[in-house]
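The numbering of the sequence shown is this note's numbering, which starts it at 1312 and goes up by one. All C-beta atoms, glycine included, are put in the ideal place defined by N, C-alpha and C. As structure tokens, the structure follows; a few thoughts come after it.
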Amino acid sequence: MTKEIMTVSQVAEYLQLSEMTTYKLVQEGKLPGFKIGRHWRVKKEDLNEFIERLKNGERL
């Protein structure tokens, strides 16, 4: 079963980026995310849309 909600660490691994880069993308709003307490989370659906936008030539 794939997780619907992912941690920054899981997103970083999925995208093969550093956690720091991923954290920055979420903090800056370039990658849609939300906070639960002090912890960022990303919906898998939002991550897939983000990837599609990049594939369509959108710049970060």
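Under 9 Å between C-beta atoms of residue i and residue j
i	j	result
Met1358	Val1322	Residue 1358 is actually Leu in this sequence, not Met. Closer than 9 Å, so yes.
Pro1343	Glu1330	no
Glu1324	Lys1355	no
Nearest-angstrom Cα separation, counted from residue j out to residue i
i	j	result
Val1353	Phe1345	6 Å
Arg1364	Arg1370	8 Å
The alpha helix (DSSP H) enclosing residue i, as first and last residue numbers
i	result
Arg1364	1355–1366
Lys1335	1330–1338
Glu1324	1319–1326
Collapsed DSSP secondary structure at residue i in the structure displayed
i	result
Arg1352	strand
Lys1341	coil
Residue interval of the beta strand (DSSP E) (run including residue i)
i	result
Lys1314	Neither: Lys1314 is in no beta strand (DSSP E) and is coded neither H nor E.
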